[in-house]
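Residue numbers (my numbering): 9 to 409. Even for Gly, the Cβ is constructed at its ideal location relative to N, Cα and C. Remarks on the structure that follows.
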Ligand SMILES: [Fe+2]
């Protein structure tokens, strides 16, 4: 009797298991900074206030929240697509890698690729109360050693690139195109070596009938109206052509810190917003058994954070925009009253732009008095031009077939 019940249960469970999607959790640009490198530093607080909105001073809370989210989601894999650390500090790498090993121990595999900030970074600094100085960074060999559990076997021709086989016959091609060592640079580089590695990985996936997802740090497709070459992969057209040829539909990237996706033919490059800035984006990729791929951007769940954290973080992000622009408006002899209107508009713009929620059809963007003021001054205030161009760009994208 017992045996029959067991068989029945298996019969019910097996089709369900077979039908389950493969789930890949994605986070990028964590820019984790070990607390010992900035604790109690007044100077560091200043640096951060004049920075790009990264909530680096909350590195431990953000890391714990990411671990909690991963434990809650229990994906088939968590991948971190580069810029793991603030500026490549060895101590930051050690702490973050140790945290990811805890997830491995709990049955959640974690895979990483380095970003442009992670290896051989001359900007690795430690802050004391009112001063700062260099701290140890990592070489490529040290990176490999620290992150051994989250990397694949060495591919001398393609940096830290490697293939991961996931349940449901999904192949994840972690493609490291970052430039480190002596040529340290922000852009990505897809070399002949990368092409040979990718060709082989794609051929093996095809032979296995696998669904392929690729991941890079830098963008494969141009994401914004101001995408400079520092955001992109040099030689990326070649990678794009190889992926299109192989029928790959999704590349996962980051680097620009804004949440944004672009399509070229059947290939989508999904740039997940930086985890280090409000609203602390991460994403989930679902791969169905029939090969259908779905990408969804998420924001960090407040449940994993102390009360008031999301509001504090959003305020901090807006304040960074305001601090950056206030001086320029004052220099341009704009009245205090008009400054207030323009700063409100700019802070709101940046908040939506980076969160990936900028809707050009929202009447606010042209009806608010801030629009007229920025538009009238766009020739002498480049931020006005930046906002107007992006609104027009998003509108054109929305209207594209
Ligand atoms: Fe980056």
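Can you have a look at residue i and say buried or exposed, based on whether 16 or more other CB atoms are within 10 angstroms of its CB?
{"i": "residue 344", "result": "exposed"}
{"i": "residue 112", "result": "exposed"}
{"i": "residue 383", "result": "exposed"}
{"i": "residue 58", "result": "exposed"}
{"i": "residue 179", "result": "buried"}
{"i": "residue 18", "result": "With a pLDDT of 40 at residue 18, under the threshold of 50, the modelled position of that residue is not reliable, and no figure is offered here."}
{"i": "residue 362", "result": "buried"}
{"i": "residue 400", "result": "exposed"}
{"i": "residue 274", "result": "exposed"}
{"i": "residue 390", "result": "exposed"}
{"i": "residue 183", "result": "buried"}
{"i": "residue 193", "result": "exposed"}
{"i": "residue 248", "result": "buried"}
{"i": "residue 100", "result": "buried"}
{"i": "residue 394", "result": "buried"}
May I ask which residues mark the beginning and end of the alpha helix (DSSP H) holding residue i?
{"i": "residue 140", "result": "Element bounds for residue 140: not the alpha helix (DSSP H) but the beta strand (DSSP E), 140-142."}
{"i": "residue 261", "result": "Segment 258-261 is the beta strand (DSSP E) holding residue 261; no alpha helix (DSSP H) there."}
{"i": "residue 404", "result": "390-407"}
{"i": "residue 269", "result": "Premise fails: residue 269 lies in the beta strand (DSSP E), 268-272, not in any alpha helix (DSSP H)."}
{"i": "residue 349", "result": "344-363"}
{"i": "residue 379", "result": "377-384"}
Since residue i and residue j should fall inside the 8 Å C-beta cutoff, what is the C-beta to C-beta distance between them, to a whole number of angstroms?
{"i": "residue 224", "j": "residue 259", "result": "6 Å"}
{"i": "residue 143", "j": "residue 84", "result": "Not really, about 36 Å apart at Cβ, beyond 8 Å."}
{"i": "residue 104", "j": "residue 71", "result": "7 Å"}
{"i": "residue 387", "j": "residue 353", "result": "Not quite, the Cβ-Cβ distance comes to about 17 Å (not below 8 Å), so this is no contact."}
{"i": "residue 63", "j": "residue 264", "result": "Not confirmed; about 17 Å, so no contact."}
{"i": "residue 158", "j": "residue 195", "result": "About 24 Å; that fails the 8 Å criterion."}
Who are residue i's beta bridge partners in DSSP?
{"i": "residue 306", "result": "290"}
{"i": "residue 196", "result": "186, 241"}
{"i": "residue 87", "result": "34, 119"}
{"i": "residue 97", "result": "145"}
{"i": "residue 227", "result": "240"}
{"i": "residue 279", "result": "261, 268"}
{"i": "residue 421", "result": "Residue 421 lies beyond the stretch modelled for the chain, which goes from 9 to 409, so this question has no answer here."}
For the beta strand (DSSP E) containing residue i, name the first residue and the last one.
{"i": "residue 134", "result": "133-135"}
{"i": "residue 30", "result": "30-35"}
{"i": "residue 39", "result": "Counting along the chain, residue 39 falls outside any beta strand (DSSP E), and DSSP gives it neither H nor E."}
{"i": "residue 182", "result": "178-182"}
{"i": "residue 221", "result": "219-223"}
{"i": "residue 239", "result": "Careful: residue 239 lies outside any beta strand (DSSP E) and carries neither H nor E."}
{"i": "residue 170", "result": "170-174"}
Say the cut is 8 Å; is the CB of residue i nearer than that to a heavy atom of ligand 2?
{"i": "residue 194", "result": "No copy of ligand 2 occurs in the structure displayed; its ligands are ligand 1 alone."}
Please tell me whether residue i has its Cβ less than 9 Å away from any Cβ of chain E.
{"i": "residue 324", "result": "In the structure shown, chain E does not exist; there is a single protein chain."}
(message) Under 8 Å: do the segment 31-42 and the segment 288-301 share three or more Cβ pairs, one atom per stretch?
(response) Yes, the segment 31-42 touches the segment 288-301.
(message) Taking 8 Å as the cut-off, does the segment 45-58 touch the segment 302-318 (at least 3 CB pairs, one atom from each stretch)?
(response) Taking a cut-off of 8 Å for Cβ pairs, the segment 302-318 and the segment 45-58 do not touch, as fewer than three such pairs fall below it.
(request) Report yes or no: do the segment 249-257 and the segment 210-228 share at least 3 C-beta pairs separated by less than 8 Å? (result) Yes: at least three Cβ pairs fall under 8 Å.
(message) Below 8 Å, how does it come out for the segment 183-198 and the segment 232-252: are there three or more Cβ pairs, yes or no?
(response) These segments touch.
(message) Across the segment 156-173 and the segment 199-212, are there enough close Cβ pairs to call them in contact, namely three or more that are closer than 8 Å?
(response) The segment 156-173 is in contact with the segment 199-212.
(message) Does the contact criterion of 3 or more C-beta pairs under 8 Å hold for the segment 297-305 versus the segment 74-83?
(response) Between the segment 297-305 and the segment 74-83 there are fewer than three inter-stretch CB-CB distances shorter than 8 Å, so the stretches are not counted as touching.
(request) Tell me, please, whether the segment 121-132 touches the segment 90-97 by the rule of three or more beta-carbon pairs shorter than 8 Å. (result) The count of Cβ pairs closer than 8 Å, one atom from the segment 121-132 and one from the segment 90-97, reaches three, so the stretches are in contact.
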